[in-house]
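Colleague: As numbered in full-length UniProt numbering, residues 1 to 128 make up the sequence shown, in order. Can you read through this structure? Questions will come right after.
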Amino acid sequence: MIKGPPRTASAKRWHFRFLDAHRHHFHRYPKSKLVLRDWLALDRTAAANRRTFYSFLRTTLDFNISGLVLIRFFGYSWVIAIGVLFILISGFTGGYALYRFMSVRQHYRQFLLASENFKPSALTRVER
């Protein structure tokens with residue numbers, strides 16, 4: 001059984017570990033019972049994954065540019081420290097964005113490969 005998100009207030013900060021716990025339910029569901037709506041939901045998931053990745057990249061770029069501006073144009077040591085912190089946050093955000101994008105894409109590809117023979121009739125090509 002897959003554990004859900006933690007219910008206590010002190011464990012809420014670890015909630016991000018359980019964001020993907022629902023994904024494995026799709027692998028146990030019989031592929032022959034998937035309808036067109038399910039396949040379209042998978043395509044929307046792939047599109048949402050790309051949108052999320054692009055928004056993470058924008059955030060990474062914002063932190064990086066802000067850090068570089070703070071370092072370059074201000075001479076106070078505490079402002080330079082904030083600039084370095086922004087650049088570090090930018091690196092961590094970019095790393096997490098890449099990890100998240102790759103893990104969701106891997107799951108999507110794995111699901112498509114496992115269900116290759118079970119596409120609904122609306123998605124199959126009719127030759128005339």
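All residues carry an ideal CB built from backbone N, CA and C; glycine is no exception.
Measure the alpha-carbon distance for VAL69 versus THR45 and round it to whole angstroms.
Modeller: Using only the alpha carbons, I get a separation of about 36 Å.
Colleague: Below 8 Å on the Cβ atoms is my guess for PHE63 versus ALA97; work out the distance and round it to an integer in Å.
Modeller: Contact flag wrong, Cβ pair sits at about 12 Å.
Colleague: Between GLY80 and PHE86, is the Cβ-Cβ spacing less than 8 Å?
Modeller: The identity of residue 80 in the sequence shown is Ile, whereas the question assumes Gly. Taking 8 Å as the Cβ cut-off, ILE80 and PHE86 do not qualify as a contacting pair.
Colleague: Check whether the Cβ atoms of LEU61 and TYR108 sit closer than 8 Å, and answer yes or no.
Modeller: No, these two residues do not count as a Cβ contact at 8 Å.
Colleague: I believe GLY83 touches GLY67 by the beta-carbon criterion, under 8 Å. Please report the beta-carbon distance rounded to the nearest angstrom.
Modeller: Indeed they touch by this definition, with Cβ atoms about 4 Å apart.
Colleague: From ARG58, SER115 and ASN49, pick the residue whose C-alpha is nearest to that of PHE101; which is it?
Modeller: Cα-wise, what sits closest to PHE101 is ASN49.
Colleague: How big is the Cα-Cα spacing for LEU40 and SER77?
Modeller: The straight-line gap from Cα to Cα measures roughly 53 Å.
Colleague: Taking ARG51 as the reference, which of LEU113, VAL35 and ARG105 has the closest Cα?
Modeller: Here the closest residue by C-alpha is ARG105.
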